[in-house]
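Letter 24 of the sequence shown, counting from 1, is numbered 29 in this note's numbering, and no numbers are missing. These notes concern the structure reproduced below.
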Amino acid sequence: MNQDRLVIFHILKDLMAEDAFDIDDSRYGDKITDFVRAAVYGTLTYMVTIDHIIKLASKRSVEDMDPDTALVLRIGAWQLLFSDKVPVYAAVNTSVELAKTVCRSSSGFVNAVLHKILELPEEKKDRRLMRPDVRVSLKSEIFGVLKSSYGRERAISIGEAFLEVPPLTARFDPKRISFEELSLKLQRDGYGVKPGEFMEEAVIITPSEIPIDKTAAFIDGDIMMQGEGAMLASRIANPHPGDLVLDCCCAPGGKTTHMALLADDDLTILAMDKKGARLERVRENLQRLKIRSVELTEGDGTTFRSDRLFDIILADVPCSGTGLLGGKPDIRVKLDYERIKSLIPVQAEILSNISSYVAPGGTLVYSTCSVNKAENEKQIESFLLDHPDFYADDITQYLPSKLIMDEERKELAGRGMITLLPDTDHCEGFFVARLKRR
Numbered sequence: 006m007n008q009d010r011l012v013i014f015h016i017l018k019d020l021m022a023e024d025a026f027d028i029d030d031s032r033y034g035d036k037i038t039d040f041v042r043a044a045v046y047g048t049l050t051y052m053v054t055i056d057h058i059i060k061l062a063s064k065r066s067v068e069d070m071d072p073d074t075a076l077v078l079r080i081g082a083w084q085l086l087f088s089d090k091v092p093v094y095a096a097v098n099t100s101v102e103l104a105k106t107v108c109r110s111s112s113g114f115v116n117a118v119l120h121k122i123l124e125l126p127e128e129k130k131d132r133r134l135m136r137p138d139v140r141v142s143l144k145s146e147i148f149g150v151l152k153s154s155y156g157r158e159r160a161i162s163i164g165e166a167f168l169e170v171p172p173l174t175a176r177f178d179p180k181r182i183s184f185e186e187l188s189l190k191l192q193r194d195g196y197g198v199k200p201g202e203f204m205e206e207a208v209i210i211t212p213s214e215i216p217i218d219k220t221a222a223f224i225d226g227d228i229m230m231q232g233e234g235a236m237l238a239s240r241i242a243n244p245h246p247g248d249l250v251l252d253c254c255c256a257p258g259g260k261t262t263h264m265a266l267l268a269d270d271d272l273t274i275l276a277m278d279k280k281g282a283r284l285e286r287v288r289e290n291l292q293r294l295k296i297r298s299v300e301l302t303e304g305d306g307t308t309f310r311s312d313r314l315f316d317i318i319l320a321d322v323p324c325s326g327t328g329l330l331g332g333k334p335d336i337r338v339k340l341d342y343e344r345i346k347s348l349i350p351v352q353a354e355i356l357s358n359i360s361s362y363v364a365p366g367g368t369l370v371y372s373t374c375s376v377n378k379a380e381n382e383k384q385i386e387s388f389l390l391d392h393p394d395f396y397a398d399d400i401t402q403y404l405p406s407k408l409i410m411d412e413e414r415k416e417l418a419g420r421g422m423i424t425l426l427p428d429t430d431h432c433e434g435f436f437v438a439r440l441k442r443r
């Protein structure tokens, strides 16, 4: 029995059964080889497309199959259709062997279906000829969210971009270490380094055999793993020395630490999260980055109370995570429209509650890692209608010069908002809005 395939099977089974699962925090440890990681991410990413092709080959929907059998077929089909590293005979044989281990009575069925996939005409397996949601491997309801936000053709373009694994991105503080010094430090640990797409404090790093958290740069606090979209939120918040800042939903501390460094660690940040265990991760990052200006508190943005008013409040609210479909493909499997709908009133409640604690003349920054306009632009427009003491603040001055600025983006920036999208900005999907209190 091939151990890699067995590990892939159990990781995927665990991941699909649990609300929260991190492959790097799983119990499989050093069993996670490069191939295991690629197969797990690949099977999740292309699962909708794979299920479509399995149905064509077997004349049965995977929902009507034994779950273990369906999962073995999905792993085998990914190897046949999307991996250029596995020979056809190995993909079929190892899948049959896996079936004999986890669903013995189905091994013949698995063998037959995988051979039928191989026999399908090429046009039946050509994604470009498939229905748009199947083509970009998204549930129809999730593709529908993209389509309603951006139209059919742009939704396809965004969906195609989400099929690509996003680059590994880190933030550094140019006031503490230069790009050249950081590059040399990371290169000594086997990492390739290049500048970020548009943020001056971003670096894109290519993987090494040494885990990133074991590198000298990470241990010494020179870098913080963070996407460029998330970095932009702190830039738009624009903190200054002496400011009093509230960071809601702060874990794991990317924006908290970024704002602290932007103000030379000479301000006061109250960093809040509703889960104490997540605050421990923030504490670890604060210590590693040697940041002293942050107070941690356990709390919920919907019920937060304070006798203080803040110069800046950053609300990175719970969201659908559709902007992270490329890097977190399990979202494709777990997210549904009901979940998205349930988040929208929570976001509105957080905004309404914490806005009470913005000082007159102060700033309220709202951000999500979603590309759903109902969670983003429409949420802000609704808030402004209900809160006339706030207005949208033009963010053009805070945007990096390297960021692509078409007429639509210029107009939106003038209204205090920006949406980053993977097909044009080559980063995670992200939304930021900046509001001011009168």
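Using N, Cα and C, we set each Cβ at its ideal position, and we do this for glycine too.
Around the beta carbon of V93, fewer than 16 other beta carbons lie within 10 angstroms, which makes this residue exposed. Looking at the DSSP output, L266 shares a beta bridge with no other residue. Taking G34 as reference, the option from Q231, V12 and V198 with the minimal CA-CA separation is V12.
Distance from the CA atom of I317 to the CA atom of R176, rounded to whole angstroms, is 22 angstroms. Secondary structure within the region 15-85: not one fully enclosed beta strand (DSSP E) run of 3 or more consecutive residues is present. The DSSP-derived three-state label of T261 is helix.
For the options E214, H431, I210 and L389, the alpha carbon positioned closest to that of M230 is the one of I210. Within the model, the alpha-carbon separation for D194 versus E206 is close to 20 angstroms. The DSSP-derived three-state label of A379 is coil. Beta-bridge annotation (DSSP): M230 is paired with A175.
For secondary structure counted as the alpha helix (DSSP H) over 4 or more consecutive residues, the region 357-407 holds these complete runs in sequence order: 382-391.
In this structure K190 is buried. Its beta-carbon is surrounded by 16 or more other beta-carbon atoms within 10 angstroms.
For E300, the enclosing beta strand (DSSP E) begins and ends at V299 to E303. Burial is judged here by how many other beta carbons sit within 10 angstroms of a residue's own beta carbon; Y196 has at least 16 and is buried. Leaving aside the five residues that flank I215 on each side, the residues in its chain whose CB is nearer than 7 angstroms to its CB run, in chain order, D194 and G195. In the pairwise beta carbon analysis, the region 131-138 is classified as not touching the region 321-338: fewer than three pairs are separated by under 8 angstroms. For K180, the number of other beta carbons within 10 angstroms of its own is below 16, and it is reported as exposed.
If you draw a straight line from the Cα of T262 to the Cα of M410, it comes to about 28 angstroms. When the beta-carbon positions are compared, M277 and G259 stay at least 8 angstroms from each other.
The beta carbon of L173 sits closer than 8 angstroms to the beta carbons of I209, I210, T211, P212, I217 and M230 from its chain, once the five residues preceding and following it are set aside; these are given in chain order. DSSP, reduced to helix, strand and coil, places V139 within a helical segment of the structure shown. Counting along the chain, K190 sits inside the alpha helix (DSSP H) bounded by residues F184 to Q192. A straight line joining the alpha-carbon of A22 with that of E68 spans about 15 angstroms. For F436, there is no enclosing alpha helix (DSSP H); the residue is found in the beta strand (DSSP E) stretching over F435 to R442. Of the candidates K144, E158, G366 and K105, K144 places its Cα closest to the Cα of D341. Where G113 is concerned, the enclosing alpha helix (DSSP H) starts and stops at S112 to E124. Three or more beta-carbon pairs separated by less than 8 angstroms link the region 327-337 to the region 38-53, which places the two stretches in contact.
The beta carbon of H431 sits closer than 7 angstroms to those of E202, all from its chain and outside the five residues before and after it, given in chain order. Sequence-distant Cβ neighbours of V97 in its own chain, meaning closer than 6 angstroms and more than five residues away, are L119.
Linking T327 to G149 through their CA atoms gives a straight-line distance of about 12 angstroms. In this structure, DSSP gives P200 an extended state, which the three-state scheme calls strand.
About 4 angstroms separates the Cβ atoms of S372 and A238, confirming a contact at the 8 angstroms cut-off.
Annotation: N243 to L85 spans about 49 angstroms, alpha carbon to alpha carbon. Cβ neighbours of Y46 within its own chain (closer than 6 angstroms, five residues either side excluded): P334. Note on Q352: 16 or more other CB atoms within 10 angstroms of its CB, so buried under the neighbour-count rule. Residues S325 of the same chain have their beta carbon placed closer than 6 angstroms to that of I345, with the five preceding and five following residues left out of the count.
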